[in-house]
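A.B. asks: In my numbering, the protein residues as written are 1 to 220. All residues carry an ideal CB built from backbone N, CA and C; glycine is no exception. Sharing a structure here in structure tokens format.
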């Protein structure tokens, strides 16, 4: 796994044929990451924001330029106070046989503001493409705001593509159930949120996953 520092600049990378890479963007401060994938390459990308001063727009562009590429993107944003973050992902399937999966989750508290825009584009030559995009968000305060806009542009007819977005609050029935079994409200809340975010840590080395679990617990 390689950690990339994104501080309001543009980073451009290319994955060669058959190459596999795992990148981590931790607390990006805005900017653009652009990755071009060649034939049979595999990309795993984690974008994690648990920042004291999250702000700005982070844009991720992945171009599957040749056949049989695989792209996985996990995003986790935990924002509170007056923090703001805008996350943009653009996945371009230029040719066929490729796969992409995106899972992005926000937890917003206090007056935090989150925004997600996801563009998933399948060009006419990209037959046999499979692409999925999911954005799920939890608001912990009536003042927190989330804007989400997943978008599919499909110009091929032999594909499997889906997108979806949900924004809501913690399940009050689950909180009540856990309190009935001896947990305090803060404990129940923390367990539910940790479980909600756990899936976004998939694919991280266990030591890194544990580090982020600790950071999440400290900021919930």
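Whether or not the region 52-63 and the region 191-207 are in contact is what I'm after, with contact meaning three or more pairs of Cβ atoms, one per stretch, closer than 8 Å; do they touch?
C.D. replies: Contact fails: fewer than three Cβ-Cβ distances are below 8 Å.
A.B. asks: I'd like to know if the region 126-146 and the region 104-114 are in contact, where contact means that at least 3 CB-CB pairs between them fall below 8 Å.
C.D. replies: A contact exists between the region 126-146 and the region 104-114.
A.B. asks: What whole-angstrom Cβ distance do residue 38 and residue 15 have, given they're in contact under 8 Å?
C.D. replies: If you number the chain shown from 1, residue 38 lands on position 38. If you number the chain shown from 1, residue 15 lands on position 15. The pair is a contact, with the Cβ atoms about 6 Å apart (cut-off 8 Å).
A.B. asks: Taking the C-alpha atoms as reference points, what is the distance between residue 135 and residue 123?
C.D. replies: Working through the chain shown from its first residue, we reach residue 135 at position 135. Working through the chain shown from its first residue, we reach residue 123 at position 123. If I take the Cα positions, the gap works out to 23 Å.
A.B. asks: In three-state DSSP terms, what is residue 218?
C.D. replies: Walking along the chain shown from the start, residue 218 turns up at place 218. Correct three-state label for residue 218: helix.
A.B. asks: Checking the sheet assignment: what are the DSSP bridge partners for residue 87?
C.D. replies: By 1-based counting over the chain shown, the position of residue 87 is 87. Answer is 58, 116, bridged to residue 87.
A.B. asks: Less than 6 Å between C-beta atoms, sequence neighbours within five positions excluded: which residues of the same chain meet that for residue 160?
C.D. replies: Position 160 of the chain shown holds residue 160. Around residue 160: 130.
A.B. asks: If you count every other CB in all the chains shown that lies within 10 Å of the CB of residue 23, and 16 or more means buried, which is it?
C.D. replies: For the purposes of this step, residue 23 is taken as residue 23 along the chain shown, with counting starting at 1. When all chains shown are included, residue 23 counts as buried.
A.B. asks: Using a Cβ-Cβ cut-off of 6 Å (strictly less than) and excluding sequence neighbours within five positions of residue 115, which residues of its own chain qualify?
C.D. replies: Start at 1 with the first residue of the chain shown, and residue 115 comes out as number 115. The residues are 86, 147.
A.B. asks: On the three-state DSSP scale, how would you describe residue 101?
C.D. replies: Mapped onto the chain shown, residue 101 falls at position 101. Note: residue 101 maps to strand in three-state DSSP.
A.B. asks: Which runs of the alpha helix (DSSP H) spanning at least 4 residues fall entirely within the region 106-153, listed in chain order?
C.D. replies: You should have found no qualifying run.
A.B. asks: Report the rounded CA-to-CA distance for residue 172 versus residue 8, giving the unit in angstroms.
C.D. replies: By one-based count along the chain shown, residue 172 stands at place 172. By one-based count along the chain shown, residue 8 stands at place 8. Distance between the alpha carbons of residue 172 and residue 8 is about 39 Å.
A.B. asks: If you draw a straight line from the C-alpha of residue 177 to the C-alpha of residue 169, how long is it?
C.D. replies: Position 177 of the chain shown, counted from the start, is the residue given in the question as residue 177. Position 169 of the chain shown, counted from the start, is the residue given in the question as residue 169. Cα to Cα, residue 177 sits roughly 16 Å from residue 169.
A.B. asks: Leaving out five residues on either side along the sequence, give the residues of the same chain with a beta carbon under 8 Å from the beta carbon of residue 11.
C.D. replies: Within the chain shown, numbered from 1, the residue matching residue 11 stands at position 11. Within the same chain, residue 11 has close Cβ partners 4, 31, 32, 33, 34.
A.B. asks: Does the contact criterion of 3 or more C-beta pairs under 8 Å hold for the region 71-88 versus the region 98-106?
C.D. replies: With a cut-off of 8 Å, the region 98-106 and the region 71-88 count as touching, because enough Cβ pairs lie within range.
A.B. asks: Between which two residues does the beta strand (DSSP E) harbouring residue 74 extend?
C.D. replies: Numbered from 1 along the chain shown, position 74 holds the residue referred to as residue 74. Where residue 74 is concerned, the enclosing beta strand (DSSP E) stretches over 70-79.
A.B. asks: For residue 91 versus residue 219, is the C-beta distance shorter than 8 Å?
C.D. replies: For the purposes of this step, residue 91 is identified with residue 91 of the chain shown, where counting begins at 1. For the purposes of this step, residue 219 is identified with residue 219 of the chain shown, where counting begins at 1. No, the Cβ-Cβ distance between residue 91 and residue 219 is not below 8 Å.
A.B. asks: So, at 6 Å on beta carbons, what are the nonlocal neighbours of residue 166 in its own chain, with the 5 sequence-adjacent residues on each side left out?
C.D. replies: Counted from its first residue, the chain shown places residue 166 at position 166. These residues qualify, in order along the chain: 136.
A.B. asks: Measure from the alpha carbon of residue 203 to the alpha carbon of each residue in 154, 69, 47, 215, then state which is nearest.
C.D. replies: Here residue 203 refers to the residue found at position 203 when the chain shown is read from its first residue. For residue 203, the nearest C-alpha among the options comes from 47.
A.B. asks: For residue 34, does the three-state DSSP call read helix, strand or coil?
C.D. replies: As a first step, residue 34 must be located in the chain shown, where it is residue number 34. In this structure, residue 34 counts as strand in the three-state DSSP scheme.
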